[in-house]
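Working notes for the structure below.
Numbering (my numbering), first residue to last: -16 to 280.
So, in structure tokens, the structure goes:
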């Protein structure tokens, strides 16, 4: 017996069908679904550091944003000149953030620099940075707490967030030092589990987190990890999409990184997904983030 040939189905409908067909039964609100393909994204974890300047000129980076419908990005770089170069080329697309790393001072020893606070204050005075970070604080033992406290005070006084790559301890330190500060927790704590992240967000209403490097934790098979799904919905007003272009290989796979973010955004209720994709960044940085920015500078 010869079977009738099935009509071909557009890939977009396959994408939507996979997503909507596995909708969680507890969710009353429709998922973002196929609209995840085109929703404008704010990338909250971009580095444009010196090794990328040759292989990925500024125009190429903005073209990557355009191709992936990344309307705007929070950019910090080693050294800061990379950030300023991108911002000067495309001020409507780049939110500059001041990374402490420069010269011989990098993530392993930046807190040992005797002139670090002066450097930060000088750059903050010279350019319109809207955050301090991303910087690494691996643990609180033996760190320069005086410098961290000064950074917390400066950020709080300016009304800008700190963006910290750390475990929970340094995040707690910032809130103990300056209760009104805003903290973006890079990589959502890198290895922190959903229950720990959720507890931290419950305690600290001004704690945000970017999702860079966490895609394989969030996505589980054809759906979402249940713990991450519950967390992203419950605290949908506190998460930001992130890529983390810390090495050139991340720029090379940028399309895939953003596509992975769109995959898990599609599995969330529309209102939660829209907040995470761009709405939270709008509130945090006071910017309008829309598709009208795509193709503009």
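No residue lacks a Cβ here, since even glycine has one placed at the ideal position from N, Cα and C.
Any heavy atom of the ligand ATP closer than 7 Å to the beta-carbon of residue 67? The model depicted lacks the ligand ATP and carries no ligand whatsoever.
What residue range is occupied by the uninterrupted alpha helix (DSSP H) comprising residue 65? Counting from one through the chain shown, the residue named residue 65 turns up at place 82. Per DSSP, residue 65 belongs to the alpha helix (DSSP H) from 64 to 72.
Specify the secondary structure class of residue 56 as computed by DSSP and reduced to three states. To locate residue 56, count along the chain shown from 1; it is residue 73. Residue 56 falls in the strand class under three-state DSSP.
When DSSP labels each residue in this structure, what does residue 36 get in the three-state scheme? Along the chain shown, one-based indexing puts residue 36 at 53. Reduced to three states, the DSSP call for residue 36 is helix.
Going along the chain, which unbroken runs of the beta strand (DSSP E) with 3 or more residues stay wholly within the segment 183 to 268? Whole beta strand (DSSP E) segments, 3+ residues: 190 to 193.
Supposed contact pair residue 82 and residue 96 - C-beta distance, whole angstroms, cut 8 Å: Locating residue 96 in the chain shown gives position 113, counting from the first residue. Locating residue 82 in the chain shown gives position 99, counting from the first residue. Actually they do not touch by this definition, with Cβ atoms about 13 Å apart.
Determine the burial state of residue 279: buried for a count of at least 16 other Cβ atoms within 10 Å of its Cβ, exposed for fewer. For the purposes of this step, residue 279 is taken as residue 296 along the chain shown, with counting starting at 1. It is exposed - the Cβ of residue 279 has fewer than 16 other Cβ atoms within 10 Å.
Give me whichever residues DSSP pairs with residue 116 in a beta bridge. The residue you call residue 116 lines up with position 133 of the chain shown. Residue 116 is bridged by DSSP to 146.
By Cβ distance below 6 Å, which residues in the same chain neighbour residue 4 in space, the five residues on each side in sequence not counted? As a working mapping, residue 4 is identified with position 21 in the chain shown. Residue confidence is low: residue 4 scores 39 on pLDDT, short of 50, so the model does not pin down where it sits. No coordinate-derived value is stated.
Cutoff 8 Å: residue 154 Cβ touching any chain C Cβ: You won't find chain C in this structure, because it holds only one protein chain.
Give the DSSP-derived three-state secondary structure of residue 134 in the structure shown. The count along the chain shown starts at 1 and reaches residue 134 at position 151. Residue 134: helix per DSSP, three-state reduction.
Neighbourhood of residue 101 by C-beta, 8 Å cutoff - its chain only, sequence neighbours within 5 removed: Locating residue 101 in the chain shown gives position 118, counting from the first residue. Nothing listed; no residue qualifies.
Distance between beta carbons of residue 241 and residue 54, contact taken as under 8 Å: Translated into positions along the chain shown, residue 54 becomes position 71. Translated into positions along the chain shown, residue 241 becomes position 258. Not quite, the Cβ-Cβ distance comes to about 12 Å (not below 8 Å), so this is no contact.
For the candidate residues 36, 146, 124, whose alpha-carbon lies nearest to that of residue 112? On the chain shown, position 129 is the one that residue 112 refers to. Of 36, 146, 124, the residue nearest in Cα terms is 146.
Delimiting residues of the alpha helix (DSSP H) encompassing residue 49: Numbered from 1 along the chain shown, position 66 holds the residue referred to as residue 49. Residues 41 to 50.
Please classify residue 44 as buried or exposed, where buried requires at least 16 neighbouring CB atoms within 10 angstroms. Within the chain shown, numbered from 1, the residue matching residue 44 stands at position 61. By the beta-carbon neighbour count (other beta carbons within 10 angstroms, threshold 16), residue 44 is buried.
Identify, in the order they occur along the chain, each residue of the same chain with its Cβ nearer than 8 Å to the Cβ of residue 21, setting aside the five sequence neighbours on each side. As a first step, residue 21 must be located in the chain shown, where it is residue number 38. Within the same chain, residue 21 has close Cβ partners 52, 274.
Residue 109: first and last residue of the uninterrupted beta strand (DSSP E) it sits in: In the chain shown, the residue the question calls residue 109 occupies position 126. No beta strand (DSSP E) contains residue 109, which is instead part of the alpha helix (DSSP H) from 99 to 109.
When DSSP builds the beta bridges, which residues end up paired with residue 14? For the purposes of this step, residue 14 is identified with residue 31 of the chain shown, where counting begins at 1. According to DSSP, residue 14 bridges with 252.
Would you mind reading off the limits of the alpha helix (DSSP H) that contains residue 154? As a first step, residue 154 must be located in the chain shown, where it is residue number 171. Annotation for residue 154: the continuous alpha helix (DSSP H) segment containing it runs 151 to 160.
Is the segment 205 to 213 close to the segment 229 to 244, with three or more CB pairs under 8 Å? The segment 205 to 213 is not in contact with the segment 229 to 244.
Using 8 Å for Cβ pairs, my map puts residue 167 next to residue 193. What's the rounded Cβ distance? Within the chain shown, the letter at position 184 stands for residue 167. Within the chain shown, the letter at position 210 stands for residue 193. That pair is a contact at about 6 Å.
Can you find the residues in the same chain that come closer than 6 Å, C-beta to C-beta, to residue 148, ignoring five residues on each side of it along the sequence? Within the chain shown, the letter at position 165 stands for residue 148. Scanning its chain for C-beta atoms nearer than 6 Å, with the 5 sequence neighbours on each side dropped, one finds around residue 148 the residues 117, 119, 169, in chain order.
Answer yes or no: do residue 160 and residue 135 have a C-beta to C-beta separation smaller than 8 Å? Here residue 160 corresponds to residue number 177 of the chain shown, with the count starting at 1. Here residue 135 corresponds to residue number 152 of the chain shown, with the count starting at 1. Inclusion of residue 160 and residue 135 in the CB contact set at 8 Å is warranted, their separation being smaller than that value.
Quick one: is residue 212 buried, meaning 16 or more other Cβ sit within 10 Å of its Cβ, or exposed? Within the chain shown, the letter at position 229 stands for residue 212. By the Cβ neighbour-count rule, residue 212 is buried, with 16 or more other Cβ atoms within 10 Å of its own.
Give the DSSP-derived three-state secondary structure of residue 178 in the structure shown. Position 195 of the chain shown holds residue 178. Note: residue 178 maps to helix in three-state DSSP.
So, helix, strand or coil for residue 139, using DSSP? In the chain shown, the residue the question calls residue 139 occupies position 156. In this structure, residue 139 counts as helix in the three-state DSSP scheme.
Who are the near neighbours of residue 56 in its chain, counting only those whose CB is closer than 8 Å to its CB and skipping five residues on each side? Counting from 1 along the chain shown, the entry for residue 56 is found at position 73. When the five nearest sequence neighbours on each side are left out, the beta carbons in the same chain lying within less than 8 Å of the beta carbon of residue 56 are those of 25, 26, 27, 29, 48, 76, 77, 78, in order along the chain.
Backbone CA spacing between residue 8 and residue 250 [nearest angstrom]: Reading the chain shown from its first residue, position 25 is the one you call residue 8. Reading the chain shown from its first residue, position 267 is the one you call residue 250. Confidence is the limiting factor: at residue 8 the pLDDT is only 43, short of 50, which leaves the residue's position unreliable and the question unanswerable from this model.
Taking only the alpha-carbon atoms, compute the straight-line gap between residue 66 and residue 123 and give it to the nearest angstrom. The residue given as residue 66 occupies position 83 in the chain shown. The residue given as residue 123 occupies position 140 in the chain shown. For residue 66 and residue 123, the distance between alpha carbons rounds to 28 Å.
Return the chain-ordered list of same chain residues with a C-beta closer than 6 Å to the C-beta of residue 181, the five sequence neighbours on each side being excluded. Here residue 181 corresponds to residue number 198 of the chain shown, with the count starting at 1. Correct list, in chain order: 214.
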